[in-house]
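All residue numbers in the sequence shown are consecutive under our numbering, ending with 1406.
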Amino acid sequence: MMTRADIKLRAKGILRQNYSMSLVPILIYIAISALAATFTFGLGFIITLPLGVGMQLIYIMLWRDERPSFELMFQSAFSENFGRKLGGMLLVSVFTFLWSLLFVIPGIVKMYSYAMMPYILAKYPNVEAMQAINISQRIMRGRKLELFVVELSFLGWQLLSVLTLGILNILYVTPYIFITKAGCFDIYLADAIERGAVDRAELRETV
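Okay, structure coming up:
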C-alpha cells in the first residue's frame, strides 16, 4: 500500500511529465465556468457539475499512465449519461447540505464519505448516481481522516499561492492536488475491492 508521501511523489512526477495535459483541463474548466456565470445561475450548474466529473477522468487516466485527450473531458461530461452526472453531483450537494444543517461536523464527514463519487461517475459510466454514492461511502469507510490529511498536506502550497495572487494555485497546486486525489481514488478503490467492501461487478465495467 502506497503511503501519502508515495502518492504525492508519484503525482508530482506525473505532473512534471504531463504538465500540459494536467493544466489545460483546469484552464478550460475555469474559462467555461466564467462564461456560464454570465448567464443564469442554473445554467452554470448544468454545465460545470458534469464538466467537473469529466475533468476527473483525465486525472484518473494520467495516474494510471493512460493517454487521455482534451476531447475526452467533454465526451465524458456531456456525451455519456449526462443526466446521471448532473443528477449525481446535485444529489451529493443536497445530501451534504442537509447533513450540515444538523451541525458542521456531520456535513464535513458526509462530504468525505461522498468524495469518491465524481471519480466513480467519471470512470464507470454504467454505475447509476445513487449506486455511485453508496459505493463511495463504502470506499471511504475508514479513509475519511486519511483523505483529510492528504488535503491538509497541501495547505503550505495554498498559502504560498496567496503571495502570487492565486496564480501558483492555478498553474501548479490545483493540478498537483487533482492528480494526487485521483491516485487516492485508485488506491482506495483497489483496497475496497480487496477487502470485500466493493464488488467489482458493481462497477459494471465495459471492455
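In this text, a Cβ means the ideal position worked out from N, Cα and C, and glycines have one as well.
- Rounded to the nearest angstrom, the gap between the Cα atoms of methionine 1316 and leucine 1346 is 14 Å.
- Ranking Val1348, Ile1206, Ser1232 and Leu1256 by CA distance to the CA of leucine 1320 puts Leu1256 first.
- By the criterion of at least three beta-carbon pairs nearer than 8 Å, the stretch 1281-1300 is not in contact with the stretch 1344-1358.
- For serine 1219, there are no CB contacts under 8 Å within the same chain when 5 residues up- and downstream are skipped.
- Take proline 1224, set aside five residues on each side of it, and the residues of its chain with a beta-carbon closer than 6 Å to its own are Met1254, Ile1257 and Met1272, in chain order.
- Residue range 1328-1338 is occupied by the alpha helix (DSSP H) that includes asparagine 1333.
- With a 10 Å radius around the Cβ and a threshold of 16 neighbouring Cβ atoms, leucine 1248 comes out buried.
- DSSP places phenylalanine 1347 in the helix class (H, G or I) of the three-state scheme.
- DSSP places valine 1303 within a helical segment (H, G or I) once states are collapsed to three.
- When the Cα atoms are used, leucine 1214 and isoleucine 1334 turn out to be separated by approximately 28 Å.
- Residue range 1373-1393 is occupied by the alpha helix (DSSP H) that includes phenylalanine 1377.
- It is roughly 20 Å from the alpha-carbon of leucine 1362 to the alpha-carbon of isoleucine 1229.
- Taking every protein chain shown into account, the CB of arginine 1340 has fewer than 16 other CB atoms within 10 angstroms, so this residue is exposed.
- Going by beta carbons, threonine 1295 and lysine 1309 fall inside the 7 Å limit.
- DSSP places phenylalanine 1277 in the helix class (H, G or I) of the three-state scheme.
- Short of 7 Å from the beta carbon of asparagine 1368, and not among the five residues preceding or following it, lie these beta carbons of its own chain, in chain order: Gln1357 and Ser1360.
- For methionine 1220, the enclosing alpha helix (DSSP H) covers residues 1218-1236.
- The beta carbon of glutamate 1327 sits closer than 7 Å to the beta carbons of Arg1283 from its chain, once the five residues preceding and following it are set aside; these are given in chain order.
- Residue state for valine 1252 is assigned as helix, using DSSP reduced to three classes.
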